[in-house]
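Beneath this line is the structure, given in structure tokens, with notes to follow.
Protein chains: 2
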Amino acid sequence: MKAFIIGGSGRVASDLIKDLVAAGHTVTAAARHEDNIVDLPEVTKKHLDLHTSVDDLAELIKGHDVVYFTAGSRGKDLLQTDAFGAVKTMEAAEKVGIKRYIMLSSIFSLQPEKWNLPGLKEIMDYDIAKFFADNYLINQTKLDYTILQPTVLTEEKGTGKISVDILKPSTNPIPDVAQTLADLLKFDNTIGKVIMMESGDTPIDQALSEIK
Amino acid sequence: MKAFIIGGSGRVASDLIKDLVAAGHTVTAAARHEDNIVDLPEVTKKHLDLHTSVDDLAELIKGHDVVYFTAGSRGKDLLQTDAFGAVKTMEAAEKVGIKRYIMLSSIFSLQPEKWNLPGLKEIMDYDIAKFFADNYLINQTKLDYTILQPTVLTEEKGTGKISVDILKPSTNPIPDVAQTLADLLKFDNTIGKVIMMESGDTPIDQALSEIK
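Those protein sequences? They're chains C and F, same order as listed.
Residues 1 to 212 (the UniProt record's numbering) make up the first sequence, in order.
Residues 1 to 212 (the UniProt record's numbering) make up the second sequence, in order.
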């Protein structure tokens, strides 16, 4: 497949790009600082500022089969980047007929009643931005979406094993989040699903194949 | 009717409260600084912080017939107040069976393609917050909503005349916006409508009665 990665210079995106290339996909990765995108002969780098228009975004992503949204402003531009920037990429995907859209979200983004849990209260603005983006994706697009909601990202080594049964915020090594994002393309049963994840005991492909 | 005003200490709300009382309605007004709510024997003042829970909001508003949302953080807390604070009041209204919900919004909040017009570019974060709140009200509630979208608010004297045919941002005296909000209760044809307004030549009641 031809995958387009929005937020292509981020920590998760860097691993995701490698995983997608390893699985035989063609990747275009776009970021505000495109020089920071991982260097691989199979990867096309593009400049992308999420303050641009839906039309410009549509032009950039057309011809791809799947859009990954992994961009984030780290709290600095939540409304225009994390929330509405995401909405514009959804509208762009619909405009050029891309059906598959995979959103890297955050644990409990759609469950406000949990935002007072330890570790989440401090990032409430971020959770609200993700709430509105995820909510829009589910309710106001016809995209074949999957929303992946990891808990706290860590720089640890990946284990290749996860759990999708989450009760409270815990941690995920970044390589496992990236591998899970990449592997979603193998499992059409994940379309239309919101999937929470943390480190666990189940191999990623097995966990994804069992999503109902 | 029994009206509940969220953001009851604001400039528009102060006039709105007087207009509702003058029309014979009972008013409860709530604000973070409830002492700043206009003093009238017919008005009950309540303390309200929009960082509270849906359950607390539901408790506060139950027994009323209509909720007005006129709160705003003036750019200081857009995600938790203007955007998600509004969503919580909608959920609270649905929870306690209040059907009528009137949102004071902002011109073109639902038309992102106009956010680059002069006078709007500077308030894009605000427009995005209102976009998400308005959008949620329309698409994810079953409330009998009206969304009123004035242009720039001014401290001028009201004229009692408006136009609901807007092509670009202009101005509205605050008293006219407040009177329009109050008069919406007379016109059930405004339910399910997004109404833009600016100063104009049509008496408010006539303009509202002609909304289709």
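Here a beta-carbon is modelled for each residue, glycine too, at the ideal position from N, C-alpha and C.
All values reported here derive from a predicted model rather than from experimental measurement.
Residues that DSSP places opposite C:D144 in a beta bridge: C:D144 pairs with C:R100.
First and last residue of the uninterrupted beta strand (DSSP E) at F:I6: For F:I6, the enclosing beta strand (DSSP E) stretches over residues K2 to I6.
Three or more C-beta pairs below 8 Å linking the segment 144-164 of chain C and the segment 101-111 of chain C: Under the three-pair Cβ rule at 8 Å, the segment 144-164 of chain C counts as touching the segment 101-111 of chain C.
C:K161 beta carbon less than 9 Å from that of C:P203: Taking 9 Å as the Cβ cut-off, C:P203 and C:K161 qualify as a contacting pair.
F:L16: contacting residues in chain C (beta-carbon distance under 8 Å): Ordered by position in chain C, no residue passes the 8 Å Cβ test against F:L16, which lies about 27 Å from the chain.
Top-ranked residue by Cα proximity to C:E34, from C:G97, C:S14 and C:I123: Taking the Cα of C:E34 as reference, the smallest distance to any Cα among C:G97, C:S14 and C:I123 is reached at C:S14.
Simplified DSSP state of C:F132, which is helix, strand or coil: Helix.
Proximity to F:A92 [Cα-Cα], best of F:L181, F:L184, F:H64 and F:R74: Checked all of F:L181, F:L184, F:H64 and F:R74; the closest Cα to F:A92 is F:H64.
C-beta contact flag for C:M1 and C:T26 at 9 Å: For C:M1 and C:T26, yes; Cβs fall inside 9 Å.
Cα-Cα separation, C:I166 to C:I195: Roughly 10 Å separates the two Cα atoms.
Paired residues, beta bridge with F:L110 - DSSP: For F:L110, which the question treats as bridged, DSSP gives no partner whatsoever.
C:T180 versus C:Y68: straight-line alpha-carbon distance, rounded: Taking the straight line joining both Cα atoms gives about 12 Å.
Residue from F:G24, F:G7, F:F4 and F:G10 with nearest C-alpha to F:K186: By alpha-carbon distance to F:K186, the top candidate from F:G24, F:G7, F:F4 and F:G10 is F:G24.
Minimum Cβ-Cβ distance from F:Q111 to chain C less than 9 Å: At a cut-off of 9 Å between C-beta atoms, F:Q111 does not count as an interface residue with respect to chain C.
Beta-carbon proximity list for C:G200, same chain, < 7 Å, skipping 5 on both sides: Once the five neighbours on either side are set aside, the close Cβ partners of C:G200 are K161, I162 and S163.
Same chain, Cβ closer than 6 Å to C:K121, neighbours up to 5 away in sequence not counted: Cβ within range, chain order: n/a, list empty.
Residues in the segment 44-63 of chain F having any Cβ partner in chain C nearer than 7 Å: Going along the segment 44-63 of chain F in chain order, one finds no residue with a Cβ nearer than 7 Å to chain C.
Residue-level contact to chain F via CB, C:K95, 9 Å cutoff: It does not: the Cβ of C:K95 has no partner Cβ on chain F nearer than 9 Å.
Any chain C beta carbon closer than 9 Å to F:L78: By this cut-off, F:L78 is an interface position.
Buried or exposed by the 16-neighbour rule on C-beta atoms within 10 Å, applied to C:D133: The sequence shown places Ala at residue 133 of chain C, not Asp. In this structure C:A133 is buried. Its beta-carbon is surrounded by 16 or more other beta-carbon atoms within 10 angstroms.
Contact under 9 Å by Cβ, C:L40 with C:L48: No; because the gap between Cβ atoms is not below 9 Å, this pair is not in contact.
Whole-number beta carbon distance between C:A129 and residue 269 of chain C, since they are thought to touch under 8 Å: The structure shown has nothing for residue 269 of chain C, since chain C only spans 1 to 212.
Span separating the alpha-carbon of C:L208 from that of C:A83: Taking the straight line joining both Cα atoms gives about 26 Å.
Anticipated Cβ contact below 8 Å, C:T70 with C:L16, distance rounded: About 7 Å separates the two Cβ atoms, so the contact holds.
Distance, C:L20 Cα to C:K99 Cα: Each residue's Cα considered, the two are about 18 Å apart.
Where C:N116 falls: helix, strand or coil (DSSP): Note: C:N116 maps to coil in three-state DSSP.
Inter-residue spacing [alpha-carbon to alpha-carbon] between F:N189 and F:K212: Cα-Cα distance, rounded: 7 Å.
Residues bridged to F:E198 [DSSP beta-bridge criterion]: F:E198 is bridged to F:S163.
Burial state of C:K142, where buried means 16 or more other Cβ atoms lie within 10 Å: So C:K142 ends up on the exposed side.
Min CB distance C:I98 to chain F below 9 Å: False, the Cβ-Cβ gap to chain F never drops below 9 Å.
Run of the alpha helix (DSSP H) containing C:A38, from where it starts to where it stops: The sequence given here has Val at residue 38 of chain C, not Ala. Annotation: C:V38 is outside any alpha helix (DSSP H) and is labelled neither H nor E by DSSP.
Start-to-end residues for the alpha helix (DSSP H) that takes in C:P175: Element bounds for C:P175: I174 to D183.
Nonlocal neighbours in the same chain, by C-beta distance under 7 Å from F:M124, ignoring five residues either side: Here the set comprises W115.
Collapsed DSSP secondary structure at C:K121 in the structure displayed: Three-state DSSP puts C:K121 in a helix.
Among C:T81, C:Q111, C:R32 and C:P175, the one whose alpha carbon lies nearest that of C:P169: Ranking the options by Cα distance to C:P169, first place goes to C:Q111.
Segment limits, alpha helix (DSSP H) that includes F:L208: Run containing F:L208: I204 to S209, per the alpha helix (DSSP H) assignment.
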